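S.K.:
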Amino acid sequence: MEQNHVAHTDHFDPVASKIGMWLFIFTEILLFGGLFIVYSVYRYNHQVEFHLAAEELDVTIGLINTIILLISSMTVAMSITALQLGNKKLTLILLAATILLALVFLVNKYFEWGAKIHHDIYPGSEFLLSLSKGDMLFFGLYFFMTGLHALHIIAGLALLGVVFVKVKNGTVNQNRYSLLENGGLYWHLVDLIWIFLFPLFYLIH
Amino acid sequence: MSEHKNHISTYKSQILVLLTLIMLTVLTVVITSVHLGPFNTAAAMLIASVKAAIVLLYFMHLKFDEKIYRFMVTLVLAIYAVVIIITFFDYLYR
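Chains as they are written, first to last, in my numbering: chain A, 42 to 246; chain B, 27 to 120.
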């Protein structure tokens, strides 16, 4: 009876919590998955234009951003290990590192988009409207998909920020770290999407 | 009760996973810089899929967690694959 009461006031089910997170991740896969199909159909219909338009993108900056995201995925995975081992300080350092790397990613993105916009390449620009349909589709998808991905980075930043505060004040701790795990899952999803965006937009030759 | 929570990834294994992922990324860039026609895209997608599998299994812990997550993810990816195949049957043979 006593036990029953405790269980009632303290609902905590890490498995269910993680299943919930995965279900949410599936909706994200559906969202980006649909866009990837749109991309592949248009690319199939406008192969030459997609190849030529992709030459405009800077492989180096794309590669740097890929590596930044991969490293940030590792730091967030390590932060879970650190908390499981009870090393709160290291958890916080690793989370801060992840947040910092995410900001660097966004700054790179800012310069990359800035250069494109400076060259009059953005959805609806006069220059882009003068190009072929394939070019318009390529850059439309480029801005929409990397933009949507960047929004997910910002959402991930907010989530990891909340996790950081909760680890710091002890709400998320060695015995209850579902929120950290779920935040980590979200961050890996953002990485996962970029793993496909990078070759599809930057590496068409 | 907390039995299933016991697997803790080591820092070393996570560094190894990261190095593998970076190596595969560089490999993609190198492969796509050689002109192989349609095989470029096929190779790039194959490597990206391997990278995604590594992230799912190790960073997202599917390899160590309860089987239910792995089952769910496999199911969703299978459904997505079917949608891609159907879409392309439509576009290739219309």
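Cβ atoms here follow ideal geometry from the backbone N, Cα and C, with glycine treated the same way. Owing to the predicted nature of the structure, the values given are computational and were not obtained by experimental measurement.
1. Express the C-alpha separation of A/L182 and A/R84 in angstroms, rounding to a whole number.
2. Could you tell me if A/S114 is buried or exposed, where buried requires 16 or more neighbouring beta carbons within 10 angstroms of its beta carbon?
3. Give a yes or no on contact between the segment 195-215 of chain A and the segment 32-48 of chain B, applying the rule of three or more CB pairs nearer than 8 Å.
4. Quick one: list the residues of chain A neighbouring B/L83, beta-carbon separation under 9 Å, in chain order.
5. Report back the beta-carbon spacing between B/V81 and A/L72 to the nearest angstrom; my notes put them in contact at under 8 Å.
6. Quick check on the DSSP output: the alpha helix (DSSP H) that includes A/K207 runs from which residue to which?
7. Rounded to a whole number of angstroms, what is the C-alpha to C-alpha distance between A/K59 and A/N223?
8. Touch check for the segment 96-103 of chain A and the segment 227-244 of chain A: three-plus C-beta pairs under 8 Å?
9. Assuming the contact rule is C-beta atoms closer than 8 Å, B/N66 and B/I73 should be a hit. Round their C-beta distance to whole Å, please.
10. Kindly list, in the order they appear in chain A, the residues whose Cβ is closer than 8 Å to that of B/L148.
11. Step through the CB atoms of chain A and report whether any lies within less than 7 Å of the CB of B/Y37.
12. Spell out whether any CB of chain D is found under 7 Å from the CB atom of A/V89.
13. Mind checking B/T100: buried by the 16 CB within 10 Å criterion, or exposed?
14. Given that a residue counts as buried once 16 or more other Cβ atoms are within 10 Å of its Cβ, and exposed if not, what is A/A143?
15. Can you pull the chain B neighbours of A/I194, defined as C-beta to C-beta under 8 Å?
16. Where A/L135 and A/T116 are concerned, what is the direct C-alpha to C-alpha distance, given to the nearest angstrom?
17. How about A/L201: is its C-beta nearer than 7 Å to some C-beta of chain B?
18. If you draw a straight line from the alpha carbon of B/Y117 to that of B/I111, how long is it in whole angstroms?
19. Along chain A, in chain order, which residues have C-beta atoms closer than 8 Å to that of B/A104?
M.R.: Put simply:
1. For this step, residue 84 of chain A is matched to residue 43 along the first sequence. For this step, residue 182 of chain A is matched to residue 141 along the first sequence. When rounded, the distance between both Cα atoms is 10 Å.
2. Residue numbering aside, residue 114 of chain A sits at position 73 when the first sequence is read from its first letter. Buried is the call here.
3. Verdict: no, contact absent.
4. Taking the second sequence and counting its residues from 1, the one referred to as residue 83 of chain B is at position 57. Neighbours of B/L83 on chain A: none; closest Cβ ~11 Å, over 9 Å.
5. Along the second sequence, one-based indexing puts residue 81 of chain B at 55. Along the first sequence, one-based indexing puts residue 72 of chain A at 31. Their Cβ separation, rounded to whole angstroms, is 18 Å, which puts B/V81 and A/L72 out of contact at 8 Å.
6. Translated into the one-based positions of the first sequence, residue 207 of chain A becomes position 166. For A/K207, the enclosing alpha helix (DSSP H) stretches over residues K174 to K209.
7. What you label residue 59 of chain A is simply residue 18 of the first sequence in a count that begins at 1. What you label residue 223 of chain A is simply residue 182 of the first sequence in a count that begins at 1. Their backbone Cα atoms lie some 6 Å apart in a straight line.
8. Yes, since at least three Cβ pairs between the segment 96-103 of chain A and the segment 227-244 of chain A fall closer than 8 Å, the two stretches touch.
9. As a working note, residue 66 of chain B is residue 40 in the second sequence. As a working note, residue 73 of chain B is residue 47 in the second sequence. Cβ atoms of B/N66 and B/I73 stay farther apart than 8 Å, at about 11 Å.
10. Since the first and last residues shown for chain B are 27 and 120, residue 148 of chain B lies out of range.
11. As a position in the second sequence, residue 37 of chain B is number 11, starting the count at 1. Closer than 7 Å: yes.
12. In the structure shown, chain D does not exist; the protein chains are A and B.
13. Along the second sequence, read from residue 1 onward, the residue named residue 100 of chain B stands at position 74. Result: exposed.
14. Locating residue 143 of chain A in the first sequence gives position 102, where the first residue counts as 1. Flag for A/A143 reads buried.
15. The sequence position of residue 194 of chain A within the first sequence is 153, counting from 1. Correct list: empty, because the minimum Cβ distance to chain B is about 16 Å.
16. As a working note, residue 135 of chain A is residue 94 in the first sequence. As a working note, residue 116 of chain A is residue 75 in the first sequence. Here the alpha carbon of A/L135 sits roughly 5 Å from the alpha carbon of A/T116.
17. Sequence index remark: in the first sequence, residue 201 of chain A carries index 160 (1-based). Output row for A/L201: interface = no.
18. Taking the first residue of the second sequence as 1, we reach residue 117 of chain B at position 91. Taking the first residue of the second sequence as 1, we reach residue 111 of chain B at position 85. Straight-line Cα distance between these residues: approximately 10 Å.
19. In the second sequence, the residue the question calls residue 104 of chain B occupies position 78. Result: empty, since nearest Cβ-Cβ is about 12 Å, beyond 8 Å.
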